[in-house]
Amino acid sequence: MKLPHNALHFLFYFVREQWVKFSLFIFISVIWATSDAVFPYFLKRMINALQTYPDAVFAAVKNPLILLIVAWTVTEILNRIQGILQIATFPRFRASIRASAFDYVQAHSHEYFASHFAGNIAKKLSDLPTSCQTLMEIISFQFATAFTGSVMVLIMMWVVSPLFAGILFIWLCLHLGLTSIFLRFGNHLWATHADAVSTLSGKIVDTFSNMLNVRLFARCQYESEYLKKYQREEMHRSKKAMWAMEITRMGLGLSGLFLIFGMLFGLLYEFSKHAITLGDFTQIAMQAFWILGWIWFASYQMTVFAREMGTINSALSVIRKKHDLIDAPHAHKLTVSKGEICFDHVGFKYAKNTAVFHDLNITLPAGKTVGLVGFSGSGKSTFVNLILRFYDVQSGRILIDGQDIAHVTQTSLRSQIAMIPQDPALFHRSLMENIRYGNLEATDAEVIAASRDAHCHEFIETLEDGYQSLVGERGIKLSGGQRQRIAIARAILKNAPILILDEATSSLDSVTEKLIQDSLHRLMQNRTTLVIAHRLSTLSNMDNILVFHKGQIVESGTQADLLEKNGHFAKLWQLQTHGFLPDEETSNH
Numbered sequence: 000m001k002l003p004h005n006a007l008h009f010l011f012y013f014v015r016e017q018w019v020k021f022s023l024f025i026f027i028s029v030i031w032a033t034s035d036a037v038f039p040y041f042l043k044r045m046i047n048a049l050q051t052y053p054d055a056v057f058a059a060v061k062n063p064l065i066l067l068i069v070a071w072t073v074t075e076i077l078n079r080i081q082g083i084l085q086i087a088t089f090p091r092f093r094a095s096i097r098a099s100a101f102d103y104v105q106a107h108s109h110e111y112f113a114s115h116f117a118g119n120i121a122k123k124l125s126d127l128p129t130s131c132q133t134l135m136e137i138i139s140f141q142f143a144t145a146f147t148g149s150v151m152v153l154i155m156m157w158v159v160s161p162l163f164a165g166i167l168f169i170w171l172c173l174h175l176g177l178t179s180i181f182l183r184f185g186n187h188l189w190a191t192h193a194d195a196v197s198t199l200s201g202k203i204v205d206t207f208s209n210m211l212n213v214r215l216f217a218r219c220q221y222e223s224e225y226l227k228k229y230q231r232e233e234m235h236r237s238k239k240a241m242w243a244m245e246i247t248r249m250g251l252g253l254s255g256l257f258l259i260f261g262m263l264f265g266l267l268y269e270f271s272k273h274a275i276t277l278g279d280f281t282q283i284a285m286q287a288f289w290i291l292g293w294i295w296f297a298s299y300q301m302t303v304f305a306r307e308m309g310t311i312n313s314a315l316s317v318i319r320k321k322h323d324l325i326d327a328p329h330a331h332k333l334t335v336s337k338g339e340i341c342f343d344h345v346g347f348k349y350a351k352n353t354a355v356f357h358d359l360n361i362t363l364p365a366g367k368t369v370g371l372v373g374f375s376g377s378g379k380s381t382f383v384n385l386i387l388r389f390y391d392v393q394s395g396r397i398l399i400d401g402q403d404i405a406h407v408t409q410t411s412l413r414s415q416i417a418m419i420p421q422d423p424a425l426f427h428r429s430l431m432e433n434i435r436y437g438n439l440e441a442t443d444a445e446v447i448a449a450s451r452d453a454h455c456h457e458f459i460e461t462l463e464d465g466y467q468s469l470v471g472e473r474g475i476k477l478s479g480g481q482r483q484r485i486a487i488a489r490a491i492l493k494n495a496p497i498l499i500l501d502e503a504t505s506s507l508d509s510v511t512e513k514l515i516q517d518s519l520h521r522l523m524q525n526r527t528t529l530v531i532a533h534r535l536s537t538l539s540n541m542d543n544i545l546v547f548h549k550g551q552i553v554e555s556g557t558q559a560d561l562l563e564k565n566g567h568f569a570k571l572w573q574l575q576t577h578g579f580l581p582d583e584e585t586s587n588h
């Protein structure tokens, strides 16, 4: 999906979906403004008629009065139609923007989400549809009304007195020039303010997401002080934008005073010379006051327009950022018949970092269990992330059953791989929804069967709402072991031909671990399984073990073979403490 990056282009991209309704909005605003503009003309005719026929009041004003009543009634009916149209239009308008932006942001790479605050992104996606609606309301109702009213008033004044029409035209040009200057300057100020608001929101969400750490280290006061720096920045940018707005309003207010008093003195002068009638005086004076009100309100809305435009420009940063990982043109679905994984001359490095892998060649046979071991930073997680295509390789290729994963769709690739992370995160949804995430088509009975295999059915039954219990943000209401069992049940339900385990039983007690290991062994049958091991004792049943060191696979073989070689794996075995492998820094002491 390709979305426009410019704020106005983005706005009208979604307006086109309901262009008939938005056209009706503007049409009704034009009718309302026309009716409002001609009201002083009807009043003029009534005053002139009363002066001419003071003894026949009702007969004198009958025709303009009927026209006035008809115009007012039609306008009121159209306004109610416009209100009903808003109900039918704006909710869909917002939903379309929100869904499109959400789908685009979802397609960003793993690296993008690792580098940006989730709260910051969410704030921008939340602001975008609301600000777009506000802009369309201003354009459809305020700007369309002010423009139409100005044109109508200029024409009607020209018919009565070209002098006053000329004065009004010059004032309108100066007024619009001043407003456009503010709009150009104000857009930038409000965009920077919106960025500051999004950053502040991201920091707040980050603090709340880590509330356990805040309490464990007694850092409530520190977090309050930490937040003040971002509060000050938001206040500073807000004040700059608001000062610019206030100075603009001062200028617009002064120009309005010059218009009104200039018009009044001119009208009095012309009336004293009998160049205009009392009705003309009334029409021009009323229209001058009314046009000033319209233009003043439109100018005030222009400041709101600038603020919302700044918010949209800030929010569009999540769309202006191009996708780092995209499906190749004509990418096909991955079909896994065996599950063989081959790294063919793979070279990879993270941005601005030294290479992790250089000309890596390894084939993982289909249906075999392969252990991945090594110190922290040796390349194990990167190896797995490349298989999942969280990053693209810089050279070489990765093949699954002979198919280059760069040429298959990302969705089909990841649908063929089940992963159980060491620290699984859950959605703040029911347990039933979290487990069914592995297979959205699964029945309740299938979900419960997977839960039994993962040995989480027992604790779920003890909860007050059972499978409908909410687990809290990221699963905070559950223990680490319970979250891990849910993740295992989810993987069992997914039933993918390739399985990745990142020490999937590390958070379990020994009794539950033994039960889960039995379930995992059944799950690993006839699947290509990769096991990232932090406890080397869990590798005894592996068909093969790959030993990583500084981006190289320095050894491979069974546990017995590697211990017999007395090489790097044997060194890791000797260094492990209480069954766990230390990180590399610890091993150097």
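Heads up, the sequence shown stops at 588 in numbering that gives the first Met the number 0, and the numbers go up one at a time, no gaps. From the three backbone atoms N, C-alpha and C, an ideal C-beta is built for every residue, glycine too.
Exercise. By a C-beta neighbour count over all protein chains shown, 10 Å radius and 16 as the cutoff for buried, is residue 293 buried or exposed?
Worked result: buried
Problem set entry | Bridge partners - residue 551, DSSP secondary structure assignment | 548
Problem set entry | Validate contact between the region 222-237 and the region 185-200 using beta carbons, cut 8 Å, 3 pairs | yes
Exercise. To the nearest angstrom, how far is it from the Cα of residue 588 to the Cα of residue 375?
Worked result: The predicted model places residue 588 with a pLDDT of 39, which falls under 50 and marks its position as unreliable, so this point remains unresolved.
Exercise. Can residue 568 and residue 562 be called in contact, C-beta distance under 8 Å?
Worked result: yes
Problem set entry | the region 112-121 contacting the region 197-204, beta-carbon criterion three pairs below 8 Å | yes
Exercise. With a Cβ-Cβ cutoff of 8 Å, do residue 361 and residue 552 count as a contact?
Worked result: yes
Exercise. Roughly how many whole angstroms lie between the Cα atoms of residue 81 and residue 228?
Worked result: 46 Å
Exercise. Is residue 396 helix, strand or coil by DSSP?
Worked result: strand
For this session: Starting from the C-beta of residue 39, find all residues in its chain whose C-beta is less than 6 Å away, skip the five residues before and the five after it, and write them out in chain order.
Result: 282, 285, 286
For this session: Would you mind stating whether residue 148 and residue 70 have Cβ atoms separated by less than 8 Å?
Result: no
Exercise. For residue 280, which residues of its own chain have a beta-carbon under 7 Å away from its beta-carbon, when the five flanking residues on both sides are left out?
Worked result: 266, 270
Problem set entry | DSSP three-state assignment for residue 94, whether helix, strand or coil | helix
For this session: Identify whether residue 479 lies in helix, strand or coil by the three-state DSSP scheme.
Result: helix
For this session: Keeping to the same chain, check which residues put their C-beta closer than 7 Å to that of residue 194; ignore five residues upstream and five downstream.
Result: 313
Exercise. Near residue 168, what residues of its chain come up, given a Cβ to Cβ distance below 8 Å and the 5 sequence neighbours on each side ignored?
Worked result: 153
Problem set entry | Beta-bridge partners of residue 497, as assigned by DSSP | 416, 527
For this session: Identify which residue in 430, 108, 1 has its Cα closest to the Cα of residue 389.
Result: 108
Exercise. For residue 17, which residues of its own chain have a beta-carbon under 8 Å away from its beta-carbon, when the five flanking residues on both sides are left out?
Worked result: 88, 91, 92
Exercise. Can you pull the DSSP bridge partners for residue 403?
Worked result: 398
For this session: State buried or exposed for residue 455, treating a residue as buried only when at least 16 other CB atoms are found within 10 Å of its CB.
Result: buried
Exercise. From the DSSP output, which residues share a beta bridge with residue 348?
Worked result: 354
For this session: Could you work out which residue in 84, 550, 545 is closest to residue 560 when comparing CA atoms only?
Result: 545
For this session: Specify whether the region 449-467 and the region 425-438 touch according to this definition: at least 3 beta carbon pairs, one from each stretch, less than 8 Å apart.
Result: yes
Exercise. Closest by CA to residue 512, which one among 481, 496, 342?
Worked result: 481
For this session: Give the DSSP-derived three-state secondary structure of residue 4 in the structure shown.
Result: coil
For this session: Please name the residue in 177, 422, 11, 86 whose C-alpha comes closest to that of residue 295.
Result: 177
Problem set entry | Own chain partners of residue 586 with C-beta closer than 6 Å, once the 5 adjacent residues on each side are dropped | Residue placement at residue 586 is flagged as unreliable, the pLDDT there being 43, under the threshold of 50; a coordinate-derived value is accordingly withheld.
For this session: Could you spell out where the beta strand (DSSP E) holding residue 387 opens and where it closes?
Result: From DSSP, residue 387 is part of no beta strand (DSSP E); its letter is neither H nor E.
For this session: Kindly identify the DSSP beta-bridge partner or partners of residue 331.
Result: 407
Problem set entry | Beta-carbon proximity of residue 304 to residue 96, cut-off 8 Å | no
For this session: Output the distance between the C-alpha atoms of residue 42 and residue 275, rounded to the nearest integer angstrom.
Result: 15 Å
For this session: Excluding the 5 residues preceding and the 5 following residue 495 in the sequence, name in chain order all residues of the same chain whose CB lies nearer than 6 Å to its CB.
Result: 415, 416, 417
Problem set entry | Spatial distance of residue 564 from residue 492 (CA atoms) | 40 Å
Problem set entry | Reduced DSSP secondary structure (H/G/I, E/B, other) of residue 370 | strand
Exercise. Just the Cα atoms here: how many angstroms apart are residue 543 and residue 355?
Worked result: 22 Å
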